[in-house]
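>
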Amino acid sequence: FFMIPYLLRRILTFIPTLIGITLITFFLMKAIPGDPVFGIVGERADPETIERIRKEIGGEKGLILQYVGYMSLLIQGELGRSYYTNQKVSKEIFEKFPNTMKLALAAMLFALLIGILSGIMGATRKGEFIDKILSMLAAGSISIPVFWLGLILMLIFGLYLHWFPPSGTGGLIYIFLPALTLGIHSSGTIARITRSSFLEVLGEQYITTARAKGIREGAIIFRHALKNALIPIITIVGLDFGSYLNGAVLTETIFGWDGFGRYAMEGIIKRDYPVIMGTVLTGSIAFVFINFIVDVAYFYIDPRIKKQ
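Take the sequence shown: its letters are residues 82 to 389, numbered as in our numbering.
1. Helix, strand or coil: how does DSSP classify K177 here?
2. Would the beta-carbon of P259 fall within 9 Å of that of A329?
3. Taking the beta carbon of T290 as the centre, do at least 16 other beta carbons fall within 10 Å, making it buried, or is it exposed?
4. Taking the alpha helix (DSSP H) that W229 falls in, what are its first and last residues?
5. Quick check: the Cα distance between F210 and I274, rounded to an integer number of angstroms?
6. With distance defined between alpha-carbon atoms, name the residue in F303, V318, F257 nearest to T270.
7. Per DSSP, which one or two residues make a beta bridge with K169?
8. Using a Cβ-Cβ distance under 9 Å, would M152 count as near chain C?
9. What are the boundary residues of the alpha helix (DSSP H) that G221 is part of?
10. Three or more beta-carbon pairs under 8 Å between the region 354-371 and the region 104-113, yes or no?
11. Please classify S391: does DSSP put it in a helix, a strand, or coil?
12. Measuring only the C-alpha atoms, how far is I371 from G323?
13. Mapping DSSP to helix, strand and coil, what is R297?
14. What is the rounded straight-line gap between the Cα of V170 and the Cα of G196?
15. Just verifying my parser: in three-state terms, what is the DSSP assignment at P247?
16. Using beta-carbon positions only, say whether V369 and L99 come within less than 9 Å of one another.
17. In the DSSP assignment, the alpha helix (DSSP H) including L240 goes from what residue to what residue?
18. To which residues of the same chain is F257 closer than 7 Å at the C-beta, ignoring the five residues directly before and after it?
19. Label K177 either buried or exposed according to how many other C-beta atoms from any shown protein chain fall within 10 Å of its C-beta, with 16 as the threshold for buried.
20. For Q157, does the three-state DSSP call read helix, strand or coil?
21. Thinking K111 and L144 are a contact (beta carbons under 8 Å), I'd like their distance in whole angstroms, please.
22. In terms of residue numbering, what span does the alpha helix (DSSP H) encompassing R273 cover?
23. Under DSSP, the alpha helix (DSSP H) around F336 begins and ends at which residues?
24. What does a CB cutoff of less than 8 Å around T250 pick up in its chain, not counting 5 residues either side in sequence?
25. Have a look at H266, G252, L240 and flag the residue whose alpha-carbon is nearest the alpha-carbon of G221.
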C-alpha cells in the first residue's frame, strides 16, 4: 500500500502532459502550409464542392473552435474520422496497433538477447580481444542507419537467399527481418550500458565477498550482479520500446509491415489531420504508459525508491 501514493503522483502528471501534447501537435499541424481539402477533392474541383468538404471536416471554423471541438471528441473517447476512408480513427488504430506491438516485442527480444549477453561477456572479459570486438560491433550497430540496415537485410536474406519474405505482414517468418532490423540497432546501446553497469557492480565489495566464499562465477553474475545492474538497462529498454511503438515508421514502410507507424506516415503524407492527431496522441499515451511500467519496475528492483 505504501506504493499507491507514489503511483498516484505519477499518474496525475500524465494528464497535463497529454493535454500539452494535443495542444502543441494541433497548432503545429495547422501551421503547416496547405489545405487538406485539395488532397481530398483535387486541385480542379469546383468551389462549391471545396466549400462543402471544408464544412464537413470543420475547416471553416477558427483554430480555437476547432481545437475545442477536437477536445470534446476526446472527452467522449473518440479520435474523429479519417478524411479519406471516413472510418473512425480509433477503429483503424485498434486494427493496426497490435501489428506494431508484435514487431516491438520481437525487436526488443532480439535487442535484449544480443545486447545483454554481449555486455556481460565484455564486462567479464574486460580488455581482452573479445571485449574489443564486441565494443566495435556495438558502436557499429548504433551508427548504422535503420533504413540502410533494413534494406541490406532484405537484400541478403529476402532476395538473394530467399530465407524470409522481403515484405508483407504475417506470422513469424514475416516479422523476423523487420524485428531484427530494429533489434540490432538497439542492441548496441543495451550492450554498452550493460557492460558499463556490470563493470561497476562487479567491483562492489559484496561481489568480492561472494567470490571469496567460492560461489561459482555464473551464480555471481546472474544471481547477484544482474539484479543490481538492471536499473540503467531497464531505462534504455523502456525508452527503446517506446521508440519502437512511435518511431518504427521507416522499418514498417521498408518492409511493408501494416502497422501503426506506417499508418501515421500515410496520414502525414495525405494531411489527414484526424489520423495525425490520433496517432500522435496514441503514441504519446503508449510512451507515457511504458515509462509508468519502468517506474513500477524501479520500485521493486531498487529498495532506495521505497525508502524515499
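Backbone N, C-alpha and C fix where the C-beta goes; we use that ideal spot for every residue, glycine too.
This is what the structure holds:
1. Numbered from 1 along the sequence shown, position 96 holds the residue referred to as residue 177. It is helical.
2. As a working mapping, residue 259 is identified with position 178 in the sequence shown. As a working mapping, residue 329 is identified with position 248 in the sequence shown. Contact flag set, yes.
3. On the sequence shown, position 209 is the one that residue 290 refers to. Exposed is the call here.
4. Working through the sequence shown from its first residue, we reach residue 229 at position 148. Run containing W229: 227-234, per the alpha helix (DSSP H) assignment.
5. Within the sequence shown, residue 210 is the residue found at index 129, counting from 1. Within the sequence shown, residue 274 is the residue found at index 193, counting from 1. So the alpha carbons of these two residues sit roughly 19 Å apart.
6. If you number the sequence shown from 1, residue 270 lands on position 189. Considering only alpha carbons, the answer is V318.
7. Position 88 of the sequence shown, counted from the start, is the residue given in the question as residue 169. Beta-bridge pairing links K169 to R162.
8. No chain C appears in the structure shown, which is made up of a single protein chain.
9. In the sequence shown, residue 221 corresponds to position 140, counting from 1. Residue range 210-224 is occupied by the alpha helix (DSSP H) that includes G221.
10. Yes, the region 354-371 is in contact with the region 104-113.
11. Beyond the ends of the chain as shown, which are 82 and 389, falls residue 391; an answer cannot be given.
12. Translated into positions along the sequence shown, residue 371 becomes position 290. Translated into positions along the sequence shown, residue 323 becomes position 242. Looking at the two C-alpha atoms, the distance is approximately 7 Å.
13. Residue mapping note: residue 297 aligns to position 216 of the sequence shown, counting from 1. Three-state DSSP puts R297 in coil, outside helix and strand.
14. One-based indexing of the sequence shown puts residue 170 at position 89. One-based indexing of the sequence shown puts residue 196 at position 115. Looking at the two C-alpha atoms, the distance is approximately 36 Å.
15. In the sequence shown, residue 247 corresponds to position 166, counting from 1. P247: coil per DSSP, three-state reduction.
16. Indexing the sequence shown from 1 puts residue 369 at position 288. Indexing the sequence shown from 1 puts residue 99 at position 18. Against a cut-off of 9 Å, the Cβ pair of L99 and V369 comes out as a contact.
17. Counting from one through the sequence shown, the residue named residue 240 turns up at place 159. That residue, L240, is in no alpha helix (DSSP H); it is neither H nor E in DSSP.
18. Locating residue 257 in the sequence shown gives position 176, where the first residue counts as 1. Once the five neighbours on either side are set aside, the close Cβ partners of F257 are F245.
19. Taking the first residue of the sequence shown as 1, we reach residue 177 at position 96. Under this definition K177 is a buried residue.
20. Stepping through the sequence shown from its first residue, residue 157 is reached at position 76. Three-state DSSP puts Q157 in coil, outside helix and strand.
21. Stepping through the sequence shown from its first residue, residue 111 is reached at position 30. Stepping through the sequence shown from its first residue, residue 144 is reached at position 63. About 6 Å; that satisfies the 8 Å criterion.
22. For the purposes of this step, residue 273 is taken as residue 192 along the sequence shown, with counting starting at 1. That run of the alpha helix (DSSP H) goes 253-283.
23. What you label residue 336 is simply residue 255 of the sequence shown in a count that begins at 1. Per DSSP, F336 belongs to no alpha helix (DSSP H) and is neither H nor E.
24. Translated into the one-based positions of the sequence shown, residue 250 becomes position 169. In chain order, N180, G337, W338, D339, G340 place their CB closer than 8 Å to the CB of T250, counting only its own chain and leaving out the 5 sequence neighbours on each side.
25. Looking up residue 221 in the sequence shown gives position 140. Looking from the CA of G221, the closest CA among H266, G252, L240 belongs to H266.
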